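Report on the structure given below.
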Amino acid sequence: AEHVYYVYVVDEDEHLNGVLSLRDLIVAQPSTPIADFIRREIFTVDLEAGRDEVAAMMAKYNLMALPVIDAENRLRGIVTVDDALEAVLPEGVKRRLPKLS
């Protein structure tokens with residue numbers, strides 16, 4: 024099972040508007056509006072991005088997840104760090120690693 028750390032905020036047409044850290048939400052005062060925690064500047068990757076590009080971006084910025092958007096900035100998916108590692112590790116290394124659950 025993968026862990027969830029962020030919630031991606033979209034509008035009614037699925038345009039990506041920001042990201043909300045679950046940690047920030049949990050430690051916040053109950054009276055604080057959720058909008059105060061939404062980060063508007065987020066890293067994204069295009070639908071056409073290759074696996075090496077995605078993995079490099081995640082490594083460079085130490086990201087646990089990376090939203091995938093289309094040309095109209097609509098959220099189309101999320102690549103997790105586990106997904107990126109699975110995509111770029113050589114088969115020989117994958118076979119030697121213990122399965123994570």
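Sequential numbering of the sequence shown, starting at 24, is according to the working numbering. Where is the CB? At the ideal position from N, CA and C, for every residue including glycine. Being a predicted model, the structure only gives us computed values, none of them experimental.
Residue i versus residue j - alpha carbon distance
i, j, result
"residue 92", "residue 62", "17 Å"
"residue 60", "residue 99", "23 Å"
"residue 75", "residue 85", "15 Å"
"residue 37", "residue 53", "27 Å"
Opening and closing residue of the beta strand (DSSP E) in which residue i lies
i, result
"residue 46", "No beta strand (DSSP E) contains residue 46, which is instead part of the alpha helix (DSSP H) from 45-50."
"residue 63", "Residue 63 -> no beta strand (DSSP E), and no H or E assigned at all."
Reduced DSSP secondary structure (H/G/I, E/B, other) of residue i
i, result
"residue 69", "strand"
"residue 124", "Confidence at residue 124 is low in this model, with a pLDDT of 47, below 50, so its placement is unreliable and no value can be given for it."
"residue 27", "coil"
"residue 57", "helix"
Opening and closing residue of the alpha helix (DSSP H) in which residue i lies
i, result
"residue 79", "74-83"
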